[in-house]
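In the working numbering, the protein residues as written are 1150 to 1271.
All C-beta atoms, glycine included, are put in the ideal place defined by N, C-alpha and C.
I have placed the structure first, in the form of structure tokens, so that the comments after it can refer back to it.
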Ligand SMILES: NC(=O)c1ccc[n+]([C@@H]2O[C@H](COP(=O)([O-])OP(=O)(O)OC[C@H]3O[C@@H](n4cnc5c(N)ncnc54)[C@H](OP(=O)(O)O)[C@@H]3O)[C@@H](O)[C@H]2O)c1
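What follows is the structure, given as structure tokens:
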């Protein structure tokens, strides 16, 4: 109906929305990014380390898909997780403390570089 306050995310069918892959979606930054993308009418594929944690920390939404994605597991696995329908990847990963001195580098830079046209770092 003309002039009715229909929210942007209700205008398009879930399957017609542009999909964004968010790595590190359970983190404090990632969660906010996911919420904002859904509110703006995007579909979101949330890449997470822990599916159970994601189910409790991300709210249910028909436009939200949750997949396991460890960005340090290599490009093949990460590409499988991202899939072929994501318009962009947003990297909101942050490393966990570990003995691996390269962990911060791996977690930040393995985030889909070279796999997608648009790669955005939080
Ligand atoms: N531009 C800005 O203004 C701004 C502001 C704040 C933060 N940031 C950046 O955003 C990033 C995240 O910060 P944050 O404070 O949100 O950190 P955080 O709360 O610790 O979240 C980090 C996220 O990364 C996930 N993660 C860790 N290792 C991973 C791996 N190997 N593969 C996939 N996911 C992995 C964590 O999963 P688990 O929850 O399962 O551990 C968690 O979801 C950092 O790079 C930070 O510099 C930018």
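| Query | Result |
| --- | --- |
| Among 1238, 1211, 1170 and 1256, which residue has its Cα nearest to the Cα of residue 1295? | This structure leaves residue 1295 out entirely; the chain is present only between 1150 and 1271. |
| Please give me, in chain order, every unbroken run of the alpha helix (DSSP H) with length at least 4 that falls completely inside the segment 1174-1215. | 1177-1188 and 1200-1206 |
| Are the Cβ atoms of residue 1191 and residue 1212 separated by less than 9 Å? | yes |
| Just tell me which of 1181, 1169 and 1219 has its CA closest to the CA of residue 1199. | 1219 |
| Please determine, among 1229, 1214, 1221 and 1226, the residue with the shortest C-alpha to C-alpha distance to residue 1253. | 1221 |
| What span of residues does the beta strand (DSSP E) with residue 1236 cover, start to end? | 1235-1240 |
| For the beta strand (DSSP E) that contains residue 1251, what are its first and last residues? | No beta strand (DSSP E) contains residue 1251, which DSSP labels as neither H nor E. |
| So who's on the other strand from residue 1171, going by DSSP bridges? | 1195 and 1239 |
| Go through its chain and collect everything with a Cβ distance to residue 1163's Cβ below 7 Å, but skip five positions before and after it. | 1192, 1211 and 1212 |
| Please report how far the alpha carbon of residue 1178 lies from the alpha carbon of residue 1205, in whole angstroms. | 16 Å |
| Taking residue 1207 and residue 1180 to be in contact with their CB atoms under 8 Å, please state how far apart those CB atoms are, rounded to whole angstroms. | 7 Å |
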